[in-house]
Structure formats: C-alpha cells, structure tokens
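Asker: In our numbering, the protein residues as written are 68 to 142.
C-beta: ideal position from N, C-alpha, C; glycine also.
Everything numeric in this text was worked out from a predicted model, so none of it was measured.
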Amino acid sequence: MPVNWREHVVSSSDVLRGKPRIKGTRIPVSLILGYLAAGNTYEQILQEFPDLQIDQIAACLDYARDLASFETVAS
C-alpha cells in the first residue's frame, strides 16, 4: 500500500524534542519501528495504540526507507 510518509510524520522542536512522530500524537516513529522490529504485527500495534491507523504505521516504514536510502556526498 503506497503511503506518503510526509502526510503522517511530523517533527517540531517543541514536541518530543523534535523527534519524528505521528502527526496529531506524541507517538514517536522510533517507537512504532521498534514494535515492528520486535515482530509485532500491525494489528498488535493497533491494539496497543487504538488511535493509530494502518496508514500511519506504514508511513513509519516508508519514512525509515527514505532515511536508509539517503546519501551524502563526501567533499
């Protein structure tokens, strides 16, 4: 399911010290990624955080993919 993470992931210095989080919540992206890395399913995460939506969880993965593909150029 294609998801634009930019619609669901935000960061502002006044909330969670600027850590990326799910828009409209104080749930950090890193927490959701940790749940996924531990083998939790989307359904299990939704049970733990009933205010989340499947698209928001998918957005966390898409965000991580974009970060992992980021390239820097050495000068």
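Check Arg-88 in the structure and name its three-state DSSP category.
Answerer: strand
Asker: Please report how far the alpha carbon of Lys-90 lies from the alpha carbon of Leu-83, in whole angstroms.
Answerer: 12 Å
Asker: Comparing the CB of Glu-115 with every heavy atom of the ligand FMN, is any distance shorter than 6 Å?
Answerer: The ligand content of the structure shown is nil, which means the ligand FMN is not present either.
Asker: Hey, how far is the Cα of Val-77 from the Cα of Val-96?
Answerer: Taking the straight line from one Cα to the other gives about 9 Å.
Asker: Go through the stretch 84 to 130 residue by residue and report every complete run of the alpha helix (DSSP H) that reaches 4 residues or more, in order.
Answerer: 96 to 104 and 109 to 115
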